[in-house]
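Residue numbers (the UniProt record's numbering): 1 to 725.
Ideal placement from N, C-alpha and C gives every residue a C-beta, glycine not left out.
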């Protein structure tokens, strides 16, 4: 790419904010009050009603443009392909939720029915997601453990262990749906922005580790009770290794063979995806083969292999959630709702950009909320989307959610008519399918060296989230990740990288003086830049960095000057002789006693009224007068990156500016946002010392003003003439 070398020339006056306002009148807009916004929100007309209906029922929008001849065949093929995978994943992920496998088919069916009408994404495959299944499973095993009595909940009376677990899972999902629906109604879909890609990556990687450990007991054929809470992964591994000698060899061999075959075929699918019209459904093929072999050789009795067993045939009537479970699981249900929406929205956003249509975050919250509430009423567990399943739906030709509806119909057919064929399926096969599908999430560990090289702070967020979720559990791990992420934001804004700028020779550009060789820095001028909002937490940091940049503390200089002035005035009162500027040295030398000084008085501007001569603080002073030399005459503050100021920061900034002004340093603020200037006016920031004339629209305007003001100085007279400024 060729480097841009075109020239431009602009001829205009040097403007301050005051002179700019004189030449160009600003239009003051009438801003709406809160009452105006409320009235506008409550006003309804035909157009707004139509938009509301289209917003709540996005199906109307895409059905009107549906191209039957072009899209229908692709949707049918995609629906069948996705349905086969959804069935297998539903069975497998139900084990993560500590539920009988048949309930995974419910999750592949019911949530999709409502999302078909309410969702804005045309490509995501709604159903079970391993991370959510595991989070639900943690609640299930806590309230209904494998060993020991269940929690003291009235609704558990007269129910078997499986029925109790189904009640817990559906109640948690119902509450999750309520949270999502409430957030959608309250228009807080933006909450997903607080889950950065780095945090989500670390969290899902930790979830993959939990899933891997949870499936080892099926792959090895061991009996390990479900454990939840902090350090549960360590306790689970301990129980697995204690029983490792009891491994069921048949389960292990079968799992290894299936994982190897599925992995190889999936890699081939990725390599030849451009040539394959539909990815090879290897999970379905291996499941069918495993079912046939298990049934033919009677693995259950001959090799003591645990199988899926009795499948629920058909659908049961709706079930009300349990309020006591709500109370016990509210803390876990909220992060489940957030994670479910964040994952689904992230995946939906990828495909909406690819296929050029828009999705609405708030409507997605409503869609998933209602879908989970509806599904939970029919005993399904938490639904979101899975990237692998969605990729199949999109790559196999799916254009709309008709493909999703067809996949749901396939799950219904298996539930109603074909479920008995899956009864001989070994559970180790489902565990192997879960593990082999973790490849994508586990490979995210490769991001650690990349993040470490590019951004160590982001790497810290990834590691903190991942380690927190692995050791403390997914719910607390998410809180830890959010905490680490917010701390990094606070750290970056509280301790920004301030810099001293210099002019690039022959241009109106200013850059960090440490980064360039050929720069121009006028003597007596300092340009300081802070690339951050200024607020209560970093105002002291700003002042410290400013003092460090100029090389002296203005308050200390002011106090020294006022003390010296007190000495001179006291001596003048004691002598009747005429005092000259040269003679002041001898008079001051005679004063050895320093009277008590009020610190508040020392911080006031130097009062030279009635003084018989003009003080030059940079001239040679008496030996007993220690006043720091100040070679700075102009300080320019670049506020181009300051997005806001709070009240505390204004007070600190005002004091800092006055300290410089009181030692005869001219202060200029450049490129300040117009709304910040308005706020400064509203907060009475300006007074006799801090004037609006200190503000300039650009850095170059302020620099030219400074050079013009000091062009007659004997030391700086060459500056403006001999440069291309």
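Beta-carbon to beta-carbon, residue 558 and residue 663 are separated by about 5 Å, close enough to satisfy the 8 Å threshold. Burial check for residue 41: the Cβ neighbour count within 10 Å stays below 16, so the residue is exposed. Put simply, the segment 685–704 touches the segment 631–648. At least three CB pairs are less than 8 Å apart. Membership of residue 510 in any alpha helix (DSSP H) is not indicated; the residue belongs instead to the beta strand (DSSP E) covering 510–512. As for any beta strand (DSSP E) of minimum length 3 sitting wholly inside the segment 189–249, there is none. Take residue 150, set aside five residues on each side of it, and the residues of its chain with a beta-carbon closer than 8 Å to its own are 143, 144, 156, 161, 164, in chain order. Taking 8 Å as the upper bound for CB-CB distance, residue 465 and residue 199 are in contact here, some 5 Å apart. Each of 419, 516, 368, 386 was checked against the Cα of residue 113, and the nearest Cα belongs to 368. Within the DSSP bridge table, the entry for residue 426 names 307 as partners. Looking at 476, 386, 373, 455, the one whose alpha-carbon comes closest to that of residue 350 is 386.
Inside the segment 361–430, DSSP marks no whole beta strand (DSSP E) run of 3 or more residues.
Secondary structure note for residue 666: its beta strand (DSSP E) is the uninterrupted segment 666–670.
Residues 424 of the same chain have their beta carbon placed closer than 6 Å to that of residue 295, with the five preceding and five following residues left out of the count. Counting along the chain, residue 12 sits inside no beta strand (DSSP E), nor does DSSP assign it H or E at all. Counting along the chain, residue 634 sits inside the beta strand (DSSP E) bounded by residues 634–638. For residue 122, the secondary structure class from DSSP, reduced to helix, strand or coil, is coil.
In this structure residue 405 is not in contact with residue 129, their Cβ atoms being roughly 19 Å apart against a cut-off of 8 Å. The segment 83–118 is shown to contain whole alpha helix (DSSP H) runs of 4 or more residues at 103–107, 110–118, in chain order.
In this structure, residue 263 sits away from residue 392, with a CB-CB distance that is not shorter than 8 Å. Looking at the backbone, the Cα of residue 630 and that of residue 360 are separated by about 59 Å. Distance from the CA of residue 254 to the CA of residue 60, rounded to the nearest whole angstrom, comes to 48 Å. Boundaries of the beta strand (DSSP E) harbouring residue 502: 499–504, taken from the DSSP string. Per DSSP, residue 448 lies in no beta strand (DSSP E) segment; the continuous alpha helix (DSSP H) that holds it begins and ends at 447–454. Residue 348 is not a Cβ neighbour of residue 191, given a cutoff of 8 Å. Across the structure, residue 98 and residue 311 are spaced so that their CA atoms are roughly 15 Å apart.
When the five nearest sequence neighbours on each side are left out, the beta carbons in the same chain lying within less than 6 Å of the beta carbon of residue 332 are those of 139, 475, in order along the chain.
Sequence-distant partners of residue 324 (beyond 5 residues in either direction) whose C-beta falls short of 7 Å from its own C-beta, in its chain, are 153, 154, 155. Ranked by Cα distance from residue 105, the options 379, 320, 62 are led by 379. Using a Cβ distance threshold of 8 Å, residue 250 and residue 305 count as a contacting pair. Each residue's CA atom was taken as its position, placing residue 511 and residue 669 some 17 Å apart. Secondary structure at residue 338: helix, using DSSP grouped into helix, strand and coil. Counting C-beta pairs with one atom in each stretch, the segment 641–656 and the segment 532–541 have three or more that are closer than 8 Å, which means they touch.
Rounded to whole angstroms, residue 565 and residue 520 show a C-alpha spacing of 36 Å.
In the pairwise beta carbon analysis, the segment 480–489 is classified as not touching the segment 652–662: fewer than three pairs are separated by under 8 Å. Nearest to residue 12 by alpha-carbon distance, out of 451, 20, 309, is 20.
Secondary structure of residue 652 (DSSP, three-state): helix.
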